[in-house]
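One structure is given here, and the rest of the page talks about it.
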Amino acid sequence: AQTVTQSQPEMSVQEAETVTLSCTYDTSESDYYLFWYKQPPSRQMILVIRQEAYKQQNATENRFSVNFQKAAKSFSLKISDSQLGDAAMYFCAYRSAVKDMRFGAGTRLTVKP
Amino acid sequence: DTEVTQTPKHLVMGMTNKKSLKCEQHMGHRAMYWYKQKAKKPPELMFVYSYEKLSINESVPSRFSPECPNSSLLNLHLHALQPEDSALYLCASSPGLAAYEQYFGPGTRLTVT
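Those protein sequence lines, which keep their order, are chains L and G.
The first sequence begins at 117 in the working numbering and counts up one residue at a time.
The second sequence begins at 83 in the working numbering and counts up one residue at a time.
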């Protein structure tokens with residue numbers, strides 16, 4: 117079974133600083149995709165970043181980047197230059213060609229001005 | 083257009099009512115999904131449609147009845163719900179069933195009285 121674990125229920129960061137959210141997963145599959153979704157209080161799930169397991173290069177989207185460690189089954193999200201609008205619940209998710217999306221429990225990020 | 087729309091935004095219904103949730107996407111996606119999300123929890127998959135056919139039903143009670151009239155529309159018909167069915171109902175779409183990211187709508191906040 118595929119499980120996704122986010123061990124940090126809550127995180128806090130000062131505006132303009134950097135924060136890293138952790139995610140680990142368990143799978144026996146070799147081909148899969150990993151995602152980070154953001155869900156602000158407005159409640160819409162927004163795709164932040166995606167990583168294909170077959171790619172060694174870590175994905176980057178502007179201030180968001182990941183540290184993908186395939187052997188360790190780790191997929192952390194780094195947010196640089198944090199902004200007030202980054203405050204949200206962040207979900208790590210796993211999906212493969214034969215399995216539907218599996219979400220972690222989420223990490224609530226607070227950004228302090 | 084990368085938008086998934088959902089109506090209504092909010093819905094309050096009694097346990098004897100019949101109501102429907104609507105979801106629409108115009109991205110040409112061939113897979114559509116219904117999720118249920120309780121407060122401070124990750125989304126839970128309910129149904130998956132692929133090419134307008136029901137692909138997955140995650141053991142959802144029969145008081146929830148999905149319908150996919152065409153490739154752009156997804157409905158969720160509700161009847162004889164229980165108070166514990168109160169939740170945020172999210173619709174999502176993806177290009178196909180393979181390991182693609184899913185695009186979410188803003189959700190319908192359902193309250194069953």
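Cβ coordinates follow ideal geometry from the N, Cα and C atoms, glycine included.
Just so you know, these numbers come straight off a predicted model, no measurement behind them.
- Counting the other CB atoms within 10 Å of its CB gives V94 (chain G) a total below 16, which places it among the exposed residues.
- For D142 (chain L), the enclosing beta strand (DSSP E) stretches over residues T140 to D142.
- The contact set of Y185 (chain G) on chain L, defined by CB atoms closer than 8 Å, consists of L163 in chain order.
- Of all residues in the stretch 194 to 222 of chain L, only F207, R211, S212, A213, D216, M217, F219, G220, A221 and G222 place a beta-carbon less than 7 Å from a beta-carbon of chain G.
- For R211 (chain L), the closest C-alpha among the options L:Y148, L:T136, L:C139 and L:E131 is that of L:Y148.
- Buried is the label assigned to K118 (chain G), since at least 16 other Cβ atoms lie within 10 Å of its Cβ.
- Here A169 (chain G) is actually not in contact with R145 (chain G); their C-beta atoms are around 13 Å apart, not less than 8 Å.
- The CB of A180 (chain G) comes closer than 8 Å to the CB of A213 in chain L, given here in chain order.
- For P188 (chain G), a Cβ of chain L is located within less than 8 Å of the residue's own Cβ.
- Nearest CB-CB separation between F191 (chain L) and chain G: not below the 8 Å threshold.
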